[in-house]
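Student:
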Amino acid sequence: MAQSGRLEDASAVLGQSHCPQCGDLFSDPRVLPCLHTLCMRCLQDLEPFSAQERGQSALCPVCDSEVSLPLGGVTDLLPDLLAQNQVLLERLRCGGGHVPCDLCGDGKGEWRCLDCKVTVCEFCCQAHRRQKRTAEHSLLPIQDLPPGSSLSPLPVCSLHALEELRLFCESCSLPSCRDCALVKHLGHEIRPVPEVAGRHRAELQGALAKSEPQLEVLEAALHRVQEAEDDLTRSAEVLRQDVEAFTEGYMRAVQKHRLRLLQDIEEEVLRKDQALTLQRARLRQHLTDLRTSTTFTRGLLERGPDLQIVQAKTLVVSRLKELKQGDYIQQVQTEGIVFNPKEEAGLCQGYQVYGAVQRGCADPERCQVRGQGLQSVYQGRLCSFTLSCSTKSGERLEKMGATPKITILQKESGRLVVSTAAMVITCLEMISTGLHSG
Numbered sequence: 001m002a003q004s005g006r007l008e009d010a011s012a013v014l015g016q017s018h019c020p021q022c023g024d025l026f027s028d029p030r031v032l033p034c035l036h037t038l039c040m041r042c043l044q045d046l047e048p049f050s051a052q053e054r055g056q057s058a059l060c061p062v063c064d065s066e067v068s069l070p071l072g073g074v075t076d077l078l079p080d081l082l083a084q085n086q087v088l089l090e091r092l093r094c095g096g097g098h099v100p101c102d103l104c105g106d107g108k109g110e111w112r113c114l115d116c117k118v119t120v121c122e123f124c125c126q127a128h129r130r131q132k133r134t135a136e137h138s139l140l141p142i143q144d145l146p147p148g149s150s151l152s153p154l155p156v157c158s159l160h161a162l163e164e165l166r167l168f169c170e171s172c173s174l175p176s177c178r179d180c181a182l183v184k185h186l187g188h189e190i191r192p193v194p195e196v197a198g199r200h201r202a203e204l205q206g207a208l209a210k211s212e213p214q215l216e217v218l219e220a221a222l223h224r225v226q227e228a229e230d231d232l233t234r235s236a237e238v239l240r241q242d243v244e245a246f247t248e249g250y251m252r253a254v255q256k257h258r259l260r261l262l263q264d265i266e267e268e269v270l271r272k273d274q275a276l277t278l279q280r281a282r283l284r285q286h287l288t289d290l291r292t293s294t295t296f297t298r299g300l301l302e303r304g305p306d307l308q309i310v311q312a313k314t315l316v317v318s319r320l321k322e323l324k325q326g327d328y329i330q331q332v333q334t335e336g337i338v339f340n341p342k343e344e345a346g347l348c349q350g351y352q353v354y355g356a357v358q359r360g361c362a363d364p365e366r367c368q369v370r371g372q373g374l375q376s377v378y379q380g381r382l383c384s385f386t387l388s389c390s391t392k393s394g395e396r397l398e399k400m401g402a403t404p405k406i407t408i409l410q411k412e413s414g415r416l417v418v419s420t421a422a423m424v425i426t427c428l429e430m431i432s433t434g435l436h437s438g
């Protein structure tokens, strides 16, 4: 279709004197059923599109329409007399050709009689003006003829070379000479060409009058299509700008959130490192104190006299008990830092972002269960209660990094519940499932 569009444009630019297929001046131009005109040599180069019962068809290279060809092929297509005349005028204007005189046949045609429709040379022009019958005829130089003027003489019969086709057979819809009308078209309805042309001209004008309003309809529809295409182009450009602005803003927000997450990790690492440093210092001091006390006690037992053992016993036992009961041995904080990529992290520069670094873990001693659902619990039945968790520092955990797994045990025996009983939550079980803050 793109090729078709280019040929349409070429046809409009070159007018009626050049072939839209090859771009040269028409040579034996013929009219296709789609009313596009091509050179005979261009028509002969067309490959048959399909074979039909009534003959072959071809694809018009101008409009891409499939057109039926006569039984005789492209040679039987209607000659385009308008195009032939236009080519002749074009050659005359460019000085590349001449028209023979229609009267003497030898001279160069330079004048056109608008009444006789003949082209004459200079000598015959003077004779035409001297004759009484043609003295009042209008003669114009060929170069001064108005646009659309014809220089072609009346066509002659292919069977009778000296007879012009001045008649038209209504029965056969074919032009005829006088001799053919008496032989081939005997008994047919024969009319002079001007008479038939007048009637056909009226029919053509009627058909044209019905078709011309379609031009406005199609042009309006084409204009609407163009407007829709322009609107689509404009809206697409606006959407592209919106997408660019959104993605750039979102990327800036994600980048800022990334920096914030990295900062949260560094802060959590620093907090945990400080806690571990403090725990290390306490453990080292406790270890030093315990070693000093055990060394002193062992030396007292191994080498001390009875009197000193008796005197130091209370002091030594008190110190060892103090070191044993003191809150020095604490659980080492081995929990890592957890990142939950699916957790909503609120708005960042107006964009919803996801992903949070979970600070701290639940401390079993600081977890509580509330609610009436635990007053009557049966195995396999749904119950509801509220679980609140806090870290060792007492900070309440608002979100959980994972769904907590809770095991309900009997308070007295510590076994799994089978029937109604007083219940507690084993926080150790929750710790083992990785319950962290959000």
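Using full-length UniProt numbering, read the sequence shown as starting at 1 and increasing by one per residue.
Beta carbons: idealized from backbone N, C-alpha and C, even for Gly.
All figures in this text were calculated on a predicted structure; none of them were measured in a lab.
(1) Does the stretch 160-167 come close enough to the stretch 176-183 that 3 or more CB-CB pairs lie under 8 Å?
(2) Just checking my contact of Thr-119 with Val-99 at CB under 8 Å: how many whole Å lie between their CB atoms?
(3) Helix, strand or coil, according to DSSP, for His-223 in the structure here?
(4) Is it true that the CB of Cys-19 sits closer than 8 Å to the CB of Leu-38?
(5) What three-state label does DSSP hand residue 441 in the structure shown?
(6) CA-CA distance, Gly-187 and Leu-77?
(7) With respect to the beta strand (DSSP E) encompassing Cys-169, which residues constitute its N-terminal and C-terminal limits?
(8) Is Thr-386 helix, strand or coil by DSSP?
(9) Do the stretch 246-264 and the stretch 347-361 meet, that is, are 3 or more Cβ pairs less than 8 Å apart?
(10) Over the uninterrupted alpha helix (DSSP H) stretch that includes Ala-356, give me the two end residues.
(11) Rounded to whole angstroms, what is the Cα-Cα separation between residue 446 and Lys-324?
(12) Determine the burial state of Gly-107: buried for a count of at least 16 other Cβ atoms within 10 Å of its Cβ, exposed for fewer.
(13) Can you check DSSP and say which residues form a bridge with Phe-339?
(14) Contact between the stretch 217-229 and the stretch 198-207: three or more CB pairs below 8 Å?
(15) Three-state secondary structure (DSSP) at His-200?
(16) Using three-state DSSP, classify Glu-163 as helix, strand or coil.
(17) Using a Cβ-Cβ cutoff of less than 6 Å, which residues in the same chain neighbour Leu-416 once the five nearest sequence positions on both sides are dropped?
(18) For Val-357, does the count of other Cβ atoms within 10 angstroms reach 16, so buried, or fall short, so exposed?
(19) What does the Cβ neighbour count give for residue 467, buried or exposed, with the cut at 16 atoms within 10 Å?
(20) Which of the three DSSP states is assigned to Thr-37 in this structure?
(21) With which residues is Val-243 paired in a DSSP beta bridge?
(22) Given 7 Å as the limit, tell me if Arg-240 has its C-beta closer than that to any heavy atom belonging to the ligand PLP.
(23) Cβ of Asp-264 less than 8 Å from any chain B Cβ?
(24) Met-40 and Ser-57: beta carbons closer than 8 Å?
(25) How would you write the range of the alpha helix (DSSP H) that Gln-368 sits in, first residue to last?
(26) Taking the alpha helix (DSSP H) that Leu-307 falls in, what are its first and last residues?
(27) Using a threshold of 8 Å, state whether the C-beta atoms of Glu-343 and Gly-355 are closer than that.
(28) Straight-line CA distance for Leu-46 to Arg-191?
(29) CA-CA distance, Leu-69 and Glu-237?
(30) Please work out which residues of its chain come closer than 7 Å, Cβ to Cβ, to Cys-121, disregarding the five sequence neighbours upstream and downstream, and give them in chain order.
(31) Per DSSP, which one or two residues make a beta bridge with Glu-66?
(32) Sort out for me which residues DSSP pairs Ile-265 with in a bridge.
(33) With DSSP collapsed to three states, give me the class of Lys-108.
(34) Whole angstroms are fine: how far does the CA of Ser-388 sit from the CA of Glu-267?
(35) Comparing alpha-carbon positions, which option in Thr-294, Arg-130, Gln-214 lies nearest Leu-320?
Tutor: Quick answer:
(1) The stretch 176-183, when compared against the stretch 160-167, does touch it at the 8 Å Cβ threshold.
(2) Right, their Cβ atoms sit about 5 Å apart.
(3) For His-223, the secondary structure class from DSSP, reduced to helix, strand or coil, is helix.
(4) Their beta carbons are under 8 Å apart, which means Leu-38 touches Cys-19 by this criterion.
(5) This structure gives no information on residue 441, because the portion of the chain shown stretches from 1 to 438.
(6) Just so you know, the alpha carbons of Gly-187 and Leu-77 end up roughly 27 Å apart.
(7) That run of the beta strand (DSSP E) goes 167-169.
(8) Reduced to three states, the DSSP call for Thr-386 is strand.
(9) With a cut-off of 8 Å, the stretch 347-361 and the stretch 246-264 count as touching, because enough Cβ pairs lie within range.
(10) Per DSSP, Ala-356 belongs to no alpha helix (DSSP H); it is in the beta strand (DSSP E), 351-358.
(11) The structure shown does not extend to residue 446, since the chain is modelled only from 1 through 438, so no value can be given for it.
(12) When all chains shown are included, Gly-107 counts as buried.
(13) Partner(s): Val-357.
(14) No, they do not touch.
(15) The answer is helix: DSSP assigns His-200 an H, G or I state.
(16) Look at Glu-163 here: in three-state DSSP terms it is coil, with no helix or strand label.
(17) The predicted position of Leu-416 is uncertain, since its pLDDT is 49 and thus under 50; no value can be drawn from it.
(18) With 16 or more other Cβ atoms within 10 Å, it is buried.
(19) The structure shown does not extend to residue 467, since the chain is modelled only from 1 to 438, so the question has no answer here.
(20) Of the three classes helix, strand and coil, the one that applies to Thr-37 here is strand, per DSSP.
(21) Beta-bridge pairing links Val-243 to no other residue.
(22) This structure lacks the ligand PLP, and indeed carries no ligand of any kind.
(23) Of the chains in the structure shown, none is chain B; there is only one protein chain.
(24) Not in contact: Met-40 and Ser-57 (Cβ atoms no closer than 8 Å).
(25) In the DSSP assignment, Gln-368 falls outside any alpha helix (DSSP H) and within the unbroken beta strand (DSSP E) covering 368-370.
(26) Here the alpha helix (DSSP H) through Leu-307 covers 306-325.
(27) Yes.
(28) The alpha-carbon atoms of Leu-46 and Arg-191 are separated by roughly 37 Å.
(29) One C-alpha to the other measures close to 48 Å.
(30) Apart from sequence neighbours up to five positions away, the residues of its chain that approach Cys-121 with a beta-carbon distance below 7 Å are Cys-101, Cys-104, Gly-107, Lys-108, Gly-109, Glu-110, ordered along the chain.
(31) The partner list for Glu-66 (beta bridge, DSSP) reads Leu-59.
(32) According to DSSP, Ile-265 bridges with nothing at all.
(33) In the structure shown, Lys-108 sits in a strand (DSSP, three-state: E or B).
(34) Roughly 25 Å separates the two Cα atoms.
(35) Selected option, being the one with the closest Cα: Thr-294.
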